[in-house]
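Chains A and B are the protein sequences, given in the same order. When the letters of the first sequence are read in order and numbered with our numbering, they come out as residues 70 to 411. When the letters of the second sequence are read in order and numbered with our numbering, they come out as residues 276 to 557. Beta carbons: idealized from backbone N, C-alpha and C, even for Gly. This structure is a prediction, so every number in the text was calculated from the model and none was measured.
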Amino acid sequence: MTQHRRSFLFAAALAASAQFGGIGLAFADTTLVSVSYDPTRELYKAFNDAFAARWKADTGETVTIRQSHGGSGAQARAVIDGLDADVVTLALESDINAIVEKTHKINPDWRGRLPNNSAPYTSTIVFLVRKGNPKGINDWGDLVKDGVEIITPNPKTSGGARWNYLAAWAWAWNQSGGDEAKVKEFIGKLFQHVPVLDTGARGSTLSFAQKGLGDVLLAWENEAYLVLDEFGADQFDIVAPPTSILAEPPVAVVDANVDAKGTRKVAEAYLNYLYSAEGQTLIAKNHYRPFKPDLVPAADLPKLPDIKLITIDDPVFGGWKKAQPYHFGDGGVFDQIYKPAQ
Amino acid sequence: MSLAGAAGWRFSKPSVVPGFGLTLGFSLAYLTLIILIPLAALLLRSASLGWPQFWAIATDARVLHALKLSFGASLLAALVNVVFGTVVAWVLVRYRFPGRRVIDAIVDLPFALPPAVAGIALTTLYAPRGWIGAIFAPLGVKIAYTPLGIVIALVFIGLPFVVRTVQPVMEEIDREVEEAAATLGAGRAQTLLRVLLPGLAPAITTGFALAFARAVGEYGSVIFIAGNLPLKTEIAPLLIVIKLEEYNYAGATAIAAIMLAISFAMLFVINLLQSWSRRRYG
């Protein structure tokens with residue numbers, strides 16, 4: 070009797086394993102590793118679910134997306150040091166360029182492979198102020214008025230902070246008619262109004278919104294709207310300065326990794342889906358500026374303010390490849406601001 | 276045995292447990308893998324810089340300031356912990372009161388708490404609008420985002436190191452020792468300074484060294500409360516992270532190597548002091 074039962078159990082186990090093994094073969098589970106920067110958590114959480122559902126409907130395959138977030142530079146460094154990312158969606162073109170230069174894992178022509186320089190969404194830098202704007206901060210020049218405290222992260226460690234810095238630089242450049250000495254003076258003055266340099270954009274947001282520090286937060290536009298959602302619109306106002314910077318957070322497939330893992334097809338589909346009507350709608354819903362707003366239903370298009378946006382390829386900056394070392398490199402303009410007077 | 280005693284030194288002392296060769300071999304292999312190889316890699320990487328560049332980094336005003344701040348604040352925090360940690364240990368060992376076990380357990384919290392959590396909690400309390408910060412703000416005293424805030428964070432993470440090293444040694448001291456001192460005519464201060472403290476000195480120095488070493492390397496909790504302003508509240512570990520963000524691995528390892536050298540020198544001196552005090556009083 071026991072003998073019988075044992076063999077029965079064994080047969081059942083064998084049958085079960087064969088069955089589930091078969092299922093496993095028919096629907097190969099694909100895992101996609103997506104590496105992104107800090108403020109995109111909410112966007113990619115929604116987007117990954119939408120993409121997994123779409124991929125299942127189109128191909129019958131189940132795709133699991135392992136999403137990671139962190140400071141843009143730190144994330145790029147993780148990929149350089151061997152994190153097997155299939156796609157990277159970072160804050161700065163220069164962070165993807167760093168992966169290209171250090172590891173050659175991404176093809177140097179990556180920027181031309183997807184529309185709009187591989188930026189499916191854009192954003193900009195706005196001011197978040199206390200309700201009623203008690204210090205009267207409406208433009209970049211108001212930031213350096215006496216008694217104004219500015220909260221921004223450290224451009225050395227935060228991608229968002231670099232956009233803050235560049236937006237301020239662009240304003241001062243136009244204001245002074247391209248007098249670099251005056252621009253540097255303005256930037257230096259601006260950072261003297263900063264009481265705390267957090268290491269990342271989220272840290273600064275918390276310093277401003279939760280700990281009540283400072284009069285104005287220089288923030289990603291989407292992050293500013295997120296603060297209104299999270300902390301209540303009755304505490305803060307968003308101020309759109311007349312000019313700001315066009316931040317183009319780029320996306321790219323990590324060629325060497327997808328070829329090694331055989332995930333190129335799904336990785337490319339993932340990034341292309343960002344440009345689809347569904348992708349662009351999710352982007353708009355999360356307060357980013359979609360690249361193709363005409364694909365988004367009018368009800369979902371947020372009423373983002375009209376701001377004159379200057380791009381990084383403007384002659385003021387001459388593109389990331391030039392701006393990155395000039396402003397943020399070791400001994401660059403930002404370091405000079407903090408050189409002690411000698 | 277007597278021969279070995281005459282020579283003063285022997286390769287291994289006889290022990291009831293066999294396996295000296297095996298355990299020594301394991302210890303060496305383990306230390307090599309976990310400590311020596313990473314440290315060697317660090318030195319090798321910073322050596323790729325060459326002297327002039329290394330020297331330029333070492334004497335850069337920002338680096339110097341950060342090093343001064345990191346080591347100064349750590350030293351101060353360790354000293355504070357030596358005084359108050361010893362008092363806490365004393366209370367826990369010598370007195371029985373309700374809630375003693377709870378307090379005993381609370382001392383370990385800074386060990387267990389993730390540094391980021393500690394940093395955020397302390398900053399929230401000590402920020403100008405926080406519970407404690409709001410008390411000091413009208414007096415013109417800023418705590419968070421100043422070197423004072425850094426010291427507070429380092430005191431927090433260092434406290435258990437002192438308490439936990441001093442406590443067991445204190446438990447070994449019999450109450451009779453104090454009573455004997457009293458019957459022999461020692462005053463209270465004399466009992467404390469000449470009878471109790473000498474016995475505790477080695478444990479206190481160990482606690483000091485541990486708290487200090489931990490504070491020097493602390494990053495997670497400090498960056499939240501420090502403010503991170505260059506030349507004001509920027510700690511050396513943050514400068515290392517900044518160098519890494521620039522993909523300047525050699526520069527980062529250079530600062531790390533300098534920190535390592537200073538830490539090693541200080542711990543070496545502390546160990547010397549300790550063995551001296553052990554010979555003197557032990």
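P385 of chain B and I432 of chain B look like a contact to me (Cβ under 8 angstroms); what is the Cβ gap, rounded to whole Å? At roughly 5 angstroms, the Cβ-Cβ gap stays under 8 angstroms, so P385 of chain B and I432 of chain B are in contact.
K258 of chain A touches chain B at which residues, Cβ-Cβ below 8 angstroms? None at all; the shortest Cβ gap to chain B is about 15 angstroms.
Rounding to the nearest angstrom, what Cα-Cα distance links D383 of chain A and E254 of chain A in this structure? Those two C-alpha atoms are separated by around 21 angstroms.
With distances taken from CA atoms, which of A:V402, A:Y407, A:Q279, A:L287 is nearest T399 of chain B? Nearest C-alpha to T399 of chain B: A:Q279.
Is any beta-carbon of chain B found at less than 8 angstroms from that of V322 of chain A? Residue-level contact check: V322 of chain A does not touch chain B, since none of the beta carbons of chain B fall below 8 angstroms from its beta carbon.
Check for me: the beta strand (DSSP E) holding V365 of chain A runs from which residue to which? From DSSP, V365 of chain A is part of no beta strand (DSSP E); its letter is neither H nor E.
Residues from the segment 374 to 398 of chain A in contact with chain B, defined by Cβ distance under 7 angstroms: Taking 7 angstroms as the Cβ-Cβ cut-off against chain B, the residues of the segment 374 to 398 of chain A that qualify are G398.
In whole angstroms, give me the CA-to-CA distance for A329 of chain A and K174 of chain A. For A329 of chain A and K174 of chain A, the distance between alpha carbons rounds to 11 angstroms.
Please work out which residues of its chain come closer than 8 angstroms, Cβ to Cβ, to K225 of chain A, disregarding the five sequence neighbours upstream and downstream, and give them in chain order. If we look at K225 of chain A and ignore the five residues flanking it on each side, its Cβ neighbours are F397, F403.
What first and last residue would you give for the beta strand (DSSP E) that runs through F196 of chain A? Secondary structure note for F196 of chain A: its beta strand (DSSP E) is the uninterrupted segment 194 to 199.
Separation of I381 of chain B from G301 of chain A, as counted between CA atoms: Straight-line Cα distance between these residues: approximately 36 angstroms.
Rounded straight-line distance, which links the Cα of R271 of chain A to that of G331 of chain A: So the alpha carbons of these two residues sit roughly 35 angstroms apart.
Ignore the nearest five residues each way along the sequence and tell me which others in G140 of chain A's own chain have a CB closer than 8 angstroms to its CB. The beta carbon of G140 of chain A sits closer than 8 angstroms to those of Y106, D107, T226, S227, G228, T268, G269, all from its chain and outside the five residues before and after it, given in chain order.
On the three-state DSSP scale, how would you describe A321 of chain A? If DSSP states are grouped into helix, strand and coil, A321 of chain A belongs with the strands.
What residues in its chain sit with their C-beta under 6 angstroms from that of L303 of chain B, if we drop five residues either side in the sequence? Excluding sequence neighbours, L303 of chain B sits near nothing in its chain.
Option nearest P473 of chain B by Cα separation, candidates B:W326, B:E451, B:Q549: The shortest C-alpha separation from P473 of chain B is found at B:Q549.
In chain B, what lies closer than 7 angstroms to P264 of chain A by C-beta? Chain B residues near P264 of chain A: Y420, G502.
Using a Cβ cut-off of 7 angstroms, pull out every chain B residue sitting near N223 of chain A, in sequence order please. Neighbours of N223 of chain A on chain B, chain order: N503.
Apply the 10 Å Cβ neighbour rule to N233 of chain A and answer buried if 16 or more other Cβ atoms are within range, or exposed otherwise. Looking at its Cβ environment, which holds 16 or more other Cβ atoms inside 10 Å, N233 of chain A is buried.
Below 9 angstroms on C-beta distance, what does L367 of chain B contact in chain A? For L367 of chain B, there are no C-beta contacts with chain A under 9 angstroms, since the nearest C-beta of that chain is about 34 angstroms from it.
Interface partners of V516 of chain B on chain A, CB under 8 angstroms: Per Cβ cutoff of 8 angstroms: T226, T268.
With a cut-off of 8 angstroms on the beta carbons, I'd call A288 of chain A and D155 of chain A a contact; round off their distance for me. Between D155 of chain A and A288 of chain A the Cβ distance is about 30 angstroms, and since that is not below 8 angstroms, they are no contact.
Any C-beta of chain B under 8 angstroms from that of A147 of chain A: In terms of beta-carbon proximity, A147 of chain A stays away from the interface with chain B, with every pair separated by 8 angstroms or more.
Using 8 angstroms as the threshold, is the segment 522 to 533 of chain B in touch with the segment 412 to 432 of chain B, meaning 3 or more CB pairs across them? Because the criterion of three Cβ pairs below 8 angstroms is not met, the segment 522 to 533 of chain B and the segment 412 to 432 of chain B do not touch.
Under 8 angstroms between the Cβ atoms of A511 of chain B and L342 of chain B? In contact: A511 of chain B and L342 of chain B (Cβ atoms closer than 8 angstroms).
Interface partners of L235 of chain A on chain B, CB under 7 angstroms: For L235 of chain A, none of the residues of chain B pass the 7 angstroms Cβ criterion, the least Cβ distance being about 16 angstroms.
Hey, is the segment 171 to 187 of chain A in contact with the segment 97 to 104 of chain A, meaning 3+ C-beta pairs nearer than 8 angstroms? Under the Cβ criterion (8 angstroms, minimum of three pairs), the segment 171 to 187 of chain A does not count as touching the segment 97 to 104 of chain A.
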